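Going letter by letter, the sequence shown gives residues 107 to 396 in this note's numbering.
Here a beta-carbon is modelled for each residue, glycine too, at the ideal position from N, C-alpha and C.
In this text the structure is predicted, and so the values were computed from the model without any measurement.
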Amino acid sequence: MIELSRIADMRGWSRARRAEGRRVGFVPTMGYLHDGHLRLVDRARDDADLVVLSIFVNPTQFGPSEDLARYPRDLPRDRACAAGRDVDCLFVPAVREMYPRPGLVTVQPGPLGDHLCGPRRPGHFAGVLTVVAKLFHIVEPDVAVFGRKDAQQALMIRRMVSDLDLPVRVDVAPTVREADGLAMSSRNAYLSAEERRAAAALPRALAAGHDRFRHGAREAHAIVAAVRAVVASDPTVVLEYVEAVHQETLAPVTQVDAATLLAVAARVGGTRLIDNIVLGDGLAGDVMGE
Numbered sequence: 107m108i109e110l111s112r113i114a115d116m117r118g119w120s121r122a123r124r125a126e127g128r129r130v131g132f133v134p135t136m137g138y139l140h141d142g143h144l145r146l147v148d149r150a151r152d153d154a155d156l157v158v159l160s161i162f163v164n165p166t167q168f169g170p171s172e173d174l175a176r177y178p179r180d181l182p183r184d185r186a187c188a189a190g191r192d193v194d195c196l197f198v199p200a201v202r203e204m205y206p207r208p209g210l211v212t213v214q215p216g217p218l219g220d221h222l223c224g225p226r227r228p229g230h231f232a233g234v235l236t237v238v239a240k241l242f243h244i245v246e247p248d249v250a251v252f253g254r255k256d257a258q259q260a261l262m263i264r265r266m267v268s269d270l271d272l273p274v275r276v277d278v279a280p281t282v283r284e285a286d287g288l289a290m291s292s293r294n295a296y297l298s299a300e301e302r303r304a305a306a307a308l309p310r311a312l313a314a315g316h317d318r319f320r321h322g323a324r325e326a327h328a329i330v331a332a333v334r335a336v337v338a339s340d341p342t343v344v345l346e347y348v349e350a351v352h353q354e355t356l357a358p359v360t361q362v363d364a365a366t367l368l369a370v371a372a373r374v375g376g377t378r379l380i381d382n383i384v385l386g387d388g389l390a391g392d393v394m395g396e
């Protein structure tokens, strides 16, 4: 595995590999790798000859009161995880490399940012889209793989690629979950043992919403109420939102179908967690952890 930190070196490596006729897959991350990230590597390899994994904690997607300073970091461990999964190139740029001066031009999410996490994290998705666009131009991959846990982010990235005619295929992989259903996330490291137990209420709540759908409920308010009831049973979990939305517009719906996205965000202690399912799939549509 080669490790690069300069934009010119990363772009040169990728262009040389593609000139050899080899497909490049890309998995962008903020590090503190877990099995969910590594399964994205596996999925990228299914559609590419070589896999690039980036580690960059992007400051522009964090608000002033968010967790940029304490976001978990462990580069030696991440190197070992990436090498163990046969990543071909690890791209680890410094902040000054990615942002040598304050940016004036950014990618805005438009109406897709008006729903779910957007109003609650002002500027977050502009930061995400801008850094992903930069990474696409640096790595120049044939395919990039993202996880469905961040469904709103993945939809925005797909729309950005389509609207701006970026030459990359975006693949969205199923959420990888722990044995109790909790979606894998680097932020799970913040949770105490008691908070970790409480956090499992989120997948249970989504499963309850899916169960109502499976038994014939089609009114969004009934399914949302089922989710709320499970979350309310544990006072450690403070619900931020639960919404049934259209998968492509993220607009709330009053009647659901198999393609409806059921999304939830909550705080457990000081940690903000998000999760979602597609009602036609339920948790079974995700890849369960060992």
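Around the beta carbon of Leu210, a 10 Å sphere encloses fewer than 16 other beta carbons of the protein chains shown; the residue is thus reported as exposed. Annotation for Ala305: no beta strand (DSSP E) segment contains it, though the alpha helix (DSSP H) segment containing it runs Ala299 to Ala305. Annotated as distal: Val157 and Val198, with beta-carbon spacing of 7 Å or more.
Ranking Thr342, Gly287 and Arg334 by CA distance to the CA of Glu300 puts Thr342 first.
Contact annotation, Asp248 with Val130: C-beta distance approximately 5 Å; criterion of less than 8 Å satisfied.
Here Val374 has Leu297, Glu301, Ala304, Ala305, Thr342 and Val343 as same chain residues with Cβ atoms under 7 Å from its own Cβ, once five neighbours each way along the sequence are excluded. Where Thr377 is concerned, the enclosing beta strand (DSSP E) starts and stops at Thr377 to Val384. Spatial neighbours of Arg227 in its own chain (CB-CB distance under 8 Å, excluding positions within 5 residues in sequence) are listed in chain order as Gly169 and Glu172.
Counting other Cβ atoms within 10 Å of its Cβ, Val201 stays below 16 and is therefore classed as exposed. By the Cβ neighbour-count rule, Thr212 is exposed, with fewer than 16 other Cβ atoms within 10 Å of its own. The straight-line gap separating the alpha-carbon atoms of His243 and Tyr205 is approximately 14 Å. Residues Ala232 of the same chain have their beta carbon placed closer than 6 Å to that of Gln214, with the five preceding and five following residues left out of the count.
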